[in-house]
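> Residue numbers (full-length UniProt numbering), protein chains in the order written: chain A, 1 to 656; chain B, 1 to 436. From the three backbone atoms N, C-alpha and C, an ideal C-beta is built for every residue, glycine too.
#1: Quick check on DSSP: helix, strand or coil for residue 247 of chain B?
#2: List the residues of chain A whose Cβ lies closer than 7 Å to the Cβ of residue 382 of chain B, in chain order.
#3: Which of helix, strand or coil does DSSP assign to residue 254 of chain A?
#4: Which residues share a DSSP beta bridge with residue 137 of chain A?
#5: Suppose the cutoff is 8 Å on Cβ atoms and the five residues either side in sequence are ignored; what does the same chain contact list for residue 291 of chain B look like?
#6: Could you check whether the Cβ of residue 471 of chain B sits closer than 7 Å to any Cβ belonging to chain A?
#7: Once DSSP output is grouped into helix, strand and coil, what is the label at residue 430 of chain B?
#8: For the stretch 134–165 of chain B, which residues have a beta carbon sitting closer than 9 Å to at least one beta carbon of chain A?
#9: Compare the C-beta of residue 633 of chain A against all C-beta atoms of chain B and say whether one is closer than 7 Å.
#10: Please tell me whether residue 373 of chain B has its Cβ less than 7 Å away from any Cβ of chain A.
#11: Quick check: is the beta carbon of residue 367 of chain A nearer than 7 Å to any beta carbon in chain B?
#12: What does residue 404 of chain B reach in chain A if we use C-beta pairs closer than 9 Å?
#13: Suppose only complete runs of 4+ residues qualify. What are the alpha helix (DSSP H) ranges in the stretch 21–78 of chain B, listed by chain order?
#14: Which residues, in chain order, does the stretch 387–415 of chain A contribute to contact with chain B at a C-beta distance below 8 Å?
#15: From the DSSP output, in three-state form, read off residue 205 of chain B for me.
#16: Starting from the beta carbon of residue 541 of chain A, find every residue of chain B whose beta carbon is closer than 8 Å, and list them in chain order.
#17: Can you pull the DSSP bridge partners for residue 47 of chain A?
#18: Beta carbon of residue 98 of chain A, beta carbon of residue 200 of chain A: below 7 Å?
#19: By a C-beta neighbour count over all protein chains shown, 10 Å radius and 16 as the cutoff for buried, is residue 277 of chain B buried or exposed?
#20: Can you look up residue 434 of chain A in the DSSP assignment and give me helix, strand or coil?
#21: Excluding sequence positions up to five away, which residues of its chain have a Cβ less than 7 Å from the Cβ of residue 208 of chain A?
#22: Taking the straight line between their C-alpha atoms, what separation do you get for residue 3 of chain B and residue 150 of chain B?
#23: Looking at the structure shown, is residue 418 of chain B part of a helix, part of a strand, or coil, going by DSSP?
#24: With a cut-off of 8 Å on the beta carbons, I'd call residue 168 of chain B and residue 194 of chain B a contact; round off their distance for me.
#25: Mind the definition here: the stretch 132–147 of chain B touches the stretch 331–344 of chain B only if three or more C-beta pairs lie below 8 Å; say whether that holds.
#26: With 8 Å as the limit, tell me which residues of the stretch 347–372 of chain B have their beta carbon closer than that to any beta carbon of chain A; keep them in chain order.
#27: Tell me which residue opens and which closes the beta strand (DSSP E) that residue 312 of chain B is part of.
#28: Determine whether the Cβ of residue 148 of chain A lies closer than 7 Å to any Cβ atom of chain B.
#29: Let me know the alpha helix (DSSP H) ranges lying completely inside the stretch 522–580 of chain A, each 4 residues or longer, listed in chain order.
#30: Could you tell me the alpha carbon to alpha carbon distance between residue 638 of chain A and residue 509 of chain A, rounded to whole angstroms?
#31: For the beta strand (DSSP E) holding residue 473 of chain A, just list the boundary residues, first then last.
#32: Which value, in whole angstroms, describes the spacing of the CA atoms of residue 246 of chain A and residue 544 of chain A?
#33: Per the contact definition of three or more C-beta pairs closer than 8 Å, is the stretch 244–262 of chain A in contact with the stretch 145–152 of chain A?
#34: What is the DSSP secondary structure of residue 636 of chain A, counted as helix, strand or coil?
#35: Report the rounded CA-to-CA distance for residue 223 of chain B versus residue 101 of chain B, giving the unit in angstroms.
#36: Which residues mark the beginning and the end of the alpha helix (DSSP H) in which residue 115 of chain A is found?
The following block contains the structure:
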């Protein structure tokens with residue numbers, strides 16, 4: 001019956017795991033990590049291709065190339081904005097102007113009002129107003145059963161992000177151009193939103209009749225059919241160097257690869273080299289420099305996926321099963337060639353003509369992939385094996401510890417029976433194979449398994465309180481005159497401290513009472529590792545990047561930690577564990593972000609700035625959790641924090 | 001003993017009542033792992049509405065409860081209204097008490113059987129004999145596992161009607177163990193009336209009662225057959241009575257096709273944790289009937305070999321059949337697993353011979369976590385597909401089968417060791433027992 005039932009092979013397997021588990025763990029970790037990173041190298045990944053035949057990208061001649069159209073719109077929009085700036089203090093979306101423009105084109109135009117407020121009493125629950133303007137181009141050929149969306153966020157002057165006026169102008173121009181043709185088989189919705197992601201969330205919520213406590217979306221006056229795909233424009237200039245394509249969505253979800261490929265292909269057709277993560281492809285991908293560039297692109301993509309915050313408005317479409325990407329303009333000074341509205345409109349029009357050809361929803365191609373270059377992809381089939389190898393040490397160690405606990409227990413039991421002078425079972429001497437059923441049985445560890453139980457419950461309880469506590473922290477912070485982000489950060493620190501102190505206090509109390517018991521550390525570690533393994537498996541299918549980074553950072557640390565008598569080793573373990581604690585990871589993440597993205601190098605500037613961005617990150621994760629159903633905050637507080645605490649309490653158990 | 005039991009039971013009840021106050025139940029009742037088309041409370045409310053409106057609920061394709069069940073649910077619903085969850089909590093409580101009685105009687109039965117056979121045992125088998133001290137905690141374990149098992153908690157929260165089925169099955173086991181034929185047959189008939197599959201439990205019930213009634217020396221005599229026939233007849237007539245009474249109430253036999261017909265022909269292929277849906281969505285229509293027969297026979301066929309092999313251990317046979325039902329039935333849910341998992345501690349004495357308990361436990365936990373994740377990715381995010389979820393249900397089925405085969409192996413191996421001793425010897429040399 002094979003591996004599991006044949007006692008001999010089984011015993012062999014167990015011996016191997018028991019004897020070589022440390023070496024195996026090390027080898028697996030290194031091999032898994034190197035293999036995963038090597039996937040960025042061109043020979044190890046695959047060239048992108050079109051899986052959906054109906055798309056037929058770039059097959060039609062562009063009709064929309066007229067520079068003046070979009071340019072005029074841009075000038076008018078700028079005039080309008082200047083006018084409204086003079087009359088009003090706070091600049092908001094010029095909804096009446098946009099509505100007039102869209103209506104003039106003969107589209108079904110509507111304005112949606114929405115209000116939103118921040119959760120857990122941030123800014124005292126003050127409600128903000130916003131408006132979305134959208135026009136629906138009804139398809140001449142069908143009965144509004146399907147729709148595709150072209151959207152651009154409106155950003156008032158003085159926004160820290162790039163203006164999107166050119167994108168809105170281009171959209172209006174395209175609306176005018178699309179209107180003239182009869183070949184549209186799907187409705188096209190032109191949507192201009194306010195307040196970045198919140199506007200999109202409000203519109204999508206209203207469109208799909210879903211409710212959100214914090215984003216209160218007004219009813220939509222008009223609607224179309226089911227949304228098939230969406231394209232988001234963030235164009236800042238009339239003349240651009242290239243498009244950067246952003247695709248990472250909410251909770252690390254990605255759009256269908258076919259849509260990404262279509263966008264890339266149509267950019268290339270116009271002679272424009274698209275980029276991912278603002279990284280151009282290296283000219284010689286097989287060289288070492290080429291690998292470096294690809295690796296950087298892939299890791300940046302994973303970085304953006306890992307925190308679960310969408311990189312643009314497209315990211316919120318994914319949760320409704322609508323494929324979406326953002327075209328972001330990049331303008332480089334002294335570029336060899338600039339692309340005008342004419343080429344940009346050809347790209348967007350081409351994408352829409354392709355989407356118009358779709359016969360069914362995007363379902364071919366990949367939803368789980370990583371992109372090391374604009375024309376290369378790593379599919380789930382390629383990245384899962386190295387990830388599994390990377391995470392395998394967790395399982396190995398858990399099994400090895402479990403076996404050793406069982407062996408200890410059974411040998412102890414046999415010793416006891418011996419001393420009691422009873423008839424001793426044969427298993428200890430005799431044949432080794434006979435040990436197997438007893439070695440791995442659930443009975444002896446089963447008894448002690450209960451000793452691990454209180455620790456698990458305690459850790460989960462702390463996780464639950466960490467999830468519920470922010471409200472009180474922010475309330476308390478207001479009393480001390482602190483900002484919500486400071487209050488939240490201090491609260492996070494205090495939750496960590498209290499949770500960290502708990503096992504220590506429990507242990508002291510236990511020793512005072514003369515109770516030498518407490519959980520068996522091997523068993524506790526085995527259970528913790530198993531819990532972590534399951535967490536990794538669950539996250540990996542949702543968001544591979546997050547589980548990859550988690551595994552890379554955690555696996556070596558959690559494999560090493562064990563209670564010892566040595567003070568030095570203990571101190572090192574404390575530091576290591578603190579470093580990989582959720583708060584520590586957010587801080588490290590902020591440091592990395594400051595170094596890589598903001599290019600800060602001076603440590604004296606870097607560390608306080610990183611602390612500030614840690615505070616901001618905590619606050620943002622909390623806000624995103626409530627406003628957009630971004631899971632990162634819940635996941636970290638309810639799952640990752642308790643798991644970490646289990647390893648932390650491991651240090652306080654009795655060493656052997 | 002009484003205090004821990006009291007605390008466990010009240011904690012279990014308070015946990016359920018507390019969770020019922022939250023919106024968790026609402027959310028769970030839509031989960032396909034928890035409520036199937038047969039047991040979903042949503043469908044029951046639909047059926048009740050139709051019933052109140054004077055329309056036969058069986059004319060549509062929504063409602064699949066039996067007529068008597070419909071009237072019973074209608075009665076408690078009109079009596080309790082929105083507080084109906086109390087009935088579900090109470091049913092769970094009763095089930096827990098019945099399980100406790102089962103544990104008690106089963107332990108007693110094991111000791112009696114052991115005493116009877118002790119002469120045939122090997123001298124060094126003393127170590128693996130069941131001692132009454134070992135049985136002390138079994139009752140508490142059974143109750144605790146049933147009340148705190150997440151599977152049974154979520155079943156209760158989702159107001160799945162499977163808990164009535166579980167109660168009926170538990171009562172069957174209890175009355176069988178008590179040797180009360182009429183009550184056992186009646187509860188067996190009720191269980192099979194509700195969900196059909198428990199009809200196969202008639203075999204262990206008949207064997208058990210026959211062994212109780214007929215003296216050991218005359219086991220092969222006609223007395224035995226008489227006793228078995230009596231049990232069979234008794235349960236069949238009880239079931240027929242229930243069905244006929246339903247017919248009288250309904251005025252037609254239409255309900256059969258939307259209840260038993262629904263169970264047997266599996267028209268609703270909404271994914272669940274069973275093995276039917278994926279296979280039958282993939283299949284060409286003209287093979288459907290053939291494979292339906294294969295799959296349904298598969299559920300029942302194990303009764304024959306297991307009854308032959310385990311004829312001396314009808315209680316264990318009953319347990320294995322309940323597990324098989326939970327694995328292979330057409331619309332399984334976590335409710336079915338919760339019953340046999342709760343009764344697992346009855347076989348604590350065989351655990352030392354089990355070999356895969358660690359793997360099985362890991363598989364169960366991993367499945368429970370990964371199933372909703374894959375479901376989300378497939379149905380909501382639209383990025384995964386049916387294969388992802390199917391893989392998890394396959395692992396779940398494998399885990400259950402592994403558990404069952406392991407338990408049967410452990411049971412038989414212990415029986416072997418009891419007779420042949422712990423140190424098997426061939427020609428004076430230590431030997432190893434290998435299952436081949």
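Inspection of the coordinates gives the following:
#1: Residue 247 of chain B: helix per DSSP, three-state reduction.
#2: The answer, in chain order, is 321.
#3: Residue 254 of chain A falls in the coil class under three-state DSSP.
#4: Answer by DSSP bridge pairing, in chain order: A:188.
#5: Closer than 8 Å at the Cβ level, and outside the excluded window around residue 291 of chain B, lie 279, 280, 283.
#6: The displayed coordinates of chain B run from 1 to 436. Any statement about residue 471 of chain B would go beyond what the structure contains.
#7: Residue 430 of chain B: strand per DSSP, three-state reduction.
#8: Closer than 9 Å at the C-beta level to chain A, one finds no residue of the stretch 134–165 of chain B.
#9: With 7 Å as the cut-off, residue 633 of chain A does not count as an interface residue toward chain B.
#10: Residue 373 of chain B counts as touching chain A.
#11: Yes - at least one Cβ of chain B is within 7 Å of the one on residue 367 of chain A.
#12: Result: empty, since nearest Cβ-Cβ is about 14 Å, beyond 9 Å.
#13: List check, alpha helix (DSSP H) in window: 24–28, 41–52.
#14: If the cut-off is 8 Å between Cβ atoms, the stretch 387–415 of chain A has 399, 402 near chain B.
#15: Correct three-state label for residue 205 of chain B: helix.
#16: Result: 370, 373, 374, 377, 384, 388.
#17: Per the DSSP secondary-structure output, residue 47 of chain A pairs in a beta bridge with A:376.
#18: In this structure, residue 200 of chain A does not lie closer than 7 Å to residue 98 of chain A by Cβ.
#19: Burial call: buried.
#20: Only weak support exists for where residue 434 of chain A lies, its pLDDT of 36 falling under 50; the value from the coordinates is given anyway. Secondary structure at residue 434 of chain A: coil, using DSSP grouped into helix, strand and coil.
#21: Excluding positions up to five away in sequence, the list reads 320.
#22: Residue 3 of chain B and residue 150 of chain B have their C-alpha atoms roughly 23 Å apart.
#23: Here residue 418 of chain B carries a helix assignment [DSSP, helix/strand/coil].
#24: Right, the Cβ-Cβ distance comes to about 6 Å (below 8 Å), so this counts as a contact.
#25: As far as the Cβ criterion goes, the stretch 132–147 of chain B touches the stretch 331–344 of chain B, which means the pair count is three or higher.
#26: Against chain A - using a Cβ distance shorter than 8 Å - the residues of the stretch 347–372 of chain B are 348, 351, 352, 353, 354, 355, 356, 357, 358, 359, 361, 362, 365, 366, 369, 370.
#27: According to the DSSP assignment, residue 312 of chain B belongs to no beta strand (DSSP E), since it is labelled neither H nor E.
#28: No, residue 148 of chain A does not count as interfacial toward chain B.
#29: Segments of the alpha helix (DSSP H) lying fully in the stretch 522–580 of chain A: 544–560, 567–579.
#30: The alpha-carbon atoms of residue 638 of chain A and residue 509 of chain A are separated by roughly 27 Å.
#31: Per DSSP, residue 473 of chain A belongs to no beta strand (DSSP E); it is in the alpha helix (DSSP H), 470–479.
#32: When rounded, the distance between both Cα atoms is 18 Å.
#33: No: fewer than three Cβ pairs fall under 8 Å.
#34: Helix, per DSSP.
#35: Taking the straight line joining both Cα atoms gives about 29 Å.
#36: Residue range 108–117 is occupied by the beta strand (DSSP E) that includes residue 115 of chain A, with no alpha helix (DSSP H) assigned at that position.
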